[in-house]
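Chain order of the listed sequences is A and B. Using the working numbering, read the first sequence as starting at 1 and increasing by one per residue. Using the working numbering, read the second sequence as starting at 1001 and increasing by one per residue.
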Amino acid sequence: MWWIVLAVVVVIVLWLVSVYNRLVTLRIRSEEAWSDIDVQLKRRYDLIPNLVETVKGYAKHEKELFEKVTEARTAAMGAKGMADKAKSENMLTESLKSVFAVAEGYPELKASENFSKLQDEVTDTEDKIEAARRFYNANVRDLNISIDTFPSSFVANMFKFVKKELFEASASEKEPVAVKF
Amino acid sequence: MYNQIDSNKRKTVLIMAIFFAVMIGIGYVFSYVYNNSFFMVIAVGIALVQAWVSYYHGDAVALAVSQAQPLKREQALPLFRIVENLTISGGLPMPKLYLIQDSAPNAFATGRDPKNASLAVTSGLLDKLDKQELEGVIAHELSHIGNRDILVMCVVMVLVGAIAMISDFFMRSLWFRGRDNREGGNILMIVGIALAIIAPIVATLMQLAVSRKREYLADASGALLTRYPEGLASALEKIAADKEPLEVANKATAMLYIENPLKDHAGALNNLFSTHPPVADRIKKLRQMA
């Protein structure tokens, strides 16, 4: 009789171990995905001073704009926590958009090769941030599903796994991308 | 997804085993008929070399046979950006990129794992597709890399190439025998046996490597990566509608490509070697996802 009990205990322990390991794997994967976003964000922070300098050379009177961008950059770099980070990043994106909007009014700036190259780089970085965010969100989704659904939720509760926040896109980014020709 | 990776690893082992069995079988028949065990040694030697080449250098063989040239970032910035962005959202390392100078639009991925993966596109693909279609094609190929389909295809390509070479050799000797059919009953018998063994083996290997389910799966996971199934659907339409054959493709490499690069679809032999599901069906499935 106690053989059966022992067998059941062994099966339960094996199951616990496998679920626990899967949860840890999912958590590590989403942490790794977060560092991917960080790499891309840093790339954008590095591009901004260059961009500001270039625009300054042509559009001297847009002082307020430069201050706004620099401020948004500093805020984004110092942001702690997922929600705060996402919010300040979205603000930075908005301020960059206004830089490019202002540039429309300066034909010389628009024609500058350096500027168009920078514009290209910033756009590419934003695409890459978007891509990294998608990967992060996919991983977090997998982790959160495992934490919430039965029976893995039982193990997750026992070992105090916490759900991670999704890195949300701002309202304007959620709109369907316009097809450009 | 992870089950797919395991199943591909198992398939690779199985394919290697079948290949060894065939080579040893052929060596045995020859040794028996000529009463000389030297043939056995040669057969095993060839098998070992081929297996090693297929695992470690299959990608180089595929790229060389297709006359693919390495691409630099400055040469094709838009393509590099598409690949970079899709690898980021797929969580894959960046593959090496290659260009095939050919106006027929097509692409393939090869290598033994994501870290040693290469992606080749034809110049026709870059010229004829727009950005979203190109993204669709690249996402499909990246899915093959992520699923480790590339390992199976790579190994099969080299091994099928080897078997095709041997069968070719038998065919030629058969042809020579046909001219002076005085003696040679023995030889003909061996050739008959060998062909009888080889033909179904080749077909089985190809089927193992390129189950149709796998192409549909790569289509679906590619669509998930871009969130835009229509891109790949319209790319497939363009590739299928293009009447030019891809000059550098052959029966061994055809299965690597996103869509059959050999345009002569007729004939029973081609049905046997059919490596791609009907393109109309793939397009239909993609459109249903949208």
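Here a beta-carbon is modelled for each residue, glycine too, at the ideal position from N, C-alpha and C. Since this is a predicted model, take the numbers as computed values, not measurements.
Next on the checklist: Measuring straight from C-alpha to C-alpha, what distance separates Gln-1050 (chain B) and Leu-1256 (chain B)?
Outcome noted: 19 angstroms
Next on the checklist: Considering only the alpha carbon of each residue, which of B:His-1144, B:Asp-1281, B:Cys-1154, B:Ile-1026 lies closest to Pro-1225 (chain B)?
Outcome noted: The question names Pro, but residue 1225 (chain B) in the sequence shown is Leu. The option with the nearest alpha carbon to Leu-1225 (chain B) is B:His-1144.
Item to check | Coarse secondary structure for Phe-1108 (chain B), derived from DSSP in three states | outcome: strand
Checklist entry - Quick one: which chain B residues come within Cβ less than 9 angstroms of Lys-87 (chain A)? => result Within 9 angstroms Cβ-Cβ: nothing; Lys-87 (chain A) doesn't reach chain B, min ~22 angstroms.
Item to check | Counterpart residues of Ser-30 (chain A) in DSSP-defined beta bridges | outcome: According to DSSP, Ser-30 (chain A) bridges with nothing at all.
Item to check | Beta-carbon proximity list for Ser-88 (chain A), same chain, < 6 angstroms, skipping 5 on both sides | outcome: Ala-75, Ala-76, Ala-79
Checklist entry - DSSP beta-bridge partners for Pro-1070 (chain B)? => result B:Tyr-1098
Next on the checklist: At the level of alpha carbons, what is the spacing between Glu-31 (chain A) and Asp-148 (chain A)?
Outcome noted: 19 angstroms
Checklist entry - Does Lys-128 (chain A) come within less than 8 angstroms of chain B when only Cβ atoms are used? => result yes
Item to check | Supposed contact pair Asn-1260 (chain B) and Leu-1217 (chain B) - C-beta distance, whole angstroms, cut 8 angstroms | outcome: No, Leu-1217 (chain B) and Asn-1260 (chain B) are not in contact; Cβ-Cβ is about 18 angstroms, not under 8 angstroms.
Checklist entry - Could you give the residue range of the alpha helix (DSSP H) that holds Leu-1119 (chain B)? => result Per DSSP, Leu-1119 (chain B) belongs to no alpha helix (DSSP H); it is in the beta strand (DSSP E), 1117 to 1122.
Next on the checklist: I want to see whether chain B comes within less than 8 angstroms of Arg-134 (chain A), judged by CB atoms only; does it?
Outcome noted: yes
Next on the checklist: Less than 8 angstroms between CB atoms is the rule here; does Asp-36 (chain A) satisfy it with respect to chain B?
Outcome noted: yes
Checklist entry - How many whole angstroms separate the CB atoms of Ser-1089 (chain B) and Arg-134 (chain A), which I take to be in contact at a CB cut-off of 8 angstroms? => result 4 angstroms
Checklist entry - Grouping DSSP H, G and I as helix and E and B as strand, with all else coil, what is Tyr-1257 (chain B)? => result strand
Item to check | Neighbour-count burial assignment, Gly-1267 (chain B), 16 or more Cβ in a 10 Å radius | outcome: Because Gly-1267 (chain B) carries a pLDDT of 49, less than 50, the predicted location of this residue cannot be relied on, and no value is offered for it.
Checklist entry - Since Glu-1141 (chain B) contacts Leu-1159 (chain B) with CB under 8 angstroms, what's their CB separation in whole angstroms? => result Actually they are not in contact, since the Cβ atoms of Glu-1141 (chain B) and Leu-1159 (chain B) sit about 22 angstroms apart, beyond 8 angstroms.
Checklist entry - For Val-1065 (chain B), which residues from the same chain have a beta carbon less than 8 angstroms from its beta carbon, with the 5 sequence-adjacent residues on both sides left out? => result Val-1248, Asn-1250, Ala-1252, Thr-1253
Item to check | Close-in-space but distant-in-sequence residues of the same chain around Gly-1201 (chain B) (CB under 6 angstroms, 5 per side omitted) | outcome: In the sequence as presented, Gly is not what sits at residue 1201 (chain B); that position holds Ile. Contacts found: Val-1022.
Item to check | Within 8 angstroms, strictly: CB atoms of Val-1155 (chain B) and Tyr-1055 (chain B) | outcome: yes
Item to check | Glu-8 (chain A) burial status per 10 Å Cβ neighbour count (16 or more: buried) | outcome: Reading the sequence as shown, one finds Val at residue 8 (chain A) and not Glu. Exposed: under 16 other Cβ atoms inside 10 Å.
Checklist entry - Given that Asn-1085 (chain B) touches chain A, what residues does it touch there, using C-beta distances under 7 angstroms? => result Asp-127, Lys-128, Ala-131
Checklist entry - Which chain B residues sit within Cβ distance under 8 angstroms of Ala-33 (chain A)? => result Gly-1091
Checklist entry - Under 8 angstroms between the Cβ atoms of Leu-1097 (chain B) and Val-1083 (chain B)? => result yes
Next on the checklist: My output table needs one value for Ala-1268 (chain B): the three-state DSSP class, helix, strand or coil.
Outcome noted: The predicted position of Ala-1268 (chain B) is uncertain, since its pLDDT is 48 and thus under 50; a value taken from the coordinates is nonetheless stated next. Looking at Ala-1268 (chain B) - three-state DSSP - the assignment turns out to be helix.
Checklist entry - Taking 8 angstroms as the CB-CB limit, is Asp-124 (chain A) close to chain B? => result yes
Checklist entry - When we look at the beta-carbon of Thr-25 (chain A) and count the other beta-carbons within 10 Å, is it buried (16 or more) or exposed? => result exposed
Next on the checklist: What residue range does the alpha helix (DSSP H) around Ser-95 (chain A) cover?
Outcome noted: 82 to 103
Next on the checklist: So for Phe-1020 (chain B), helix, strand or coil by DSSP?
Outcome noted: helix
Checklist entry - Asp-46 (chain A): which of A:Tyr-136, A:Glu-126, A:Leu-143 sits nearest, CA to CA? => result A:Glu-126
Item to check | Pair within 8 angstroms by beta-carbon distance, Lys-1009 (chain B) and Pro-1105 (chain B) | outcome: no
Checklist entry - Within 8 angstroms (strictly less), CB to CB, does Ile-1138 (chain B) reach chain D? => result No chain D is present in this structure, whose protein chains are A and B.
Next on the checklist: If contacts are defined as beta-carbon pairs under 8 angstroms, then Lys-1285 (chain B) and Asp-1242 (chain B) qualify, I think. What distance do you get, rounded to the angstrom?
Outcome noted: Not a contact, Cβ separation roughly 21 angstroms.
Item to check | Among A:Ser-35, A:Asn-90, A:Asn-50, the one whose alpha carbon lies nearest that of Phe-115 (chain A) | outcome: A:Asn-50
Next on the checklist: Our contact map puts Pro-1093 (chain B) next to Ala-1109 (chain B) with C-beta atoms below 8 angstroms; I'd like the distance itself, whole angstroms only.
Outcome noted: Actually they do not touch by this definition, with Cβ atoms about 13 angstroms apart.
Checklist entry - Under a Cβ-count criterion, where at least 16 other Cβ atoms within 10 Å of its own Cβ denotes burial, should Trp-2 (chain A) be classed as buried or exposed? => result exposed
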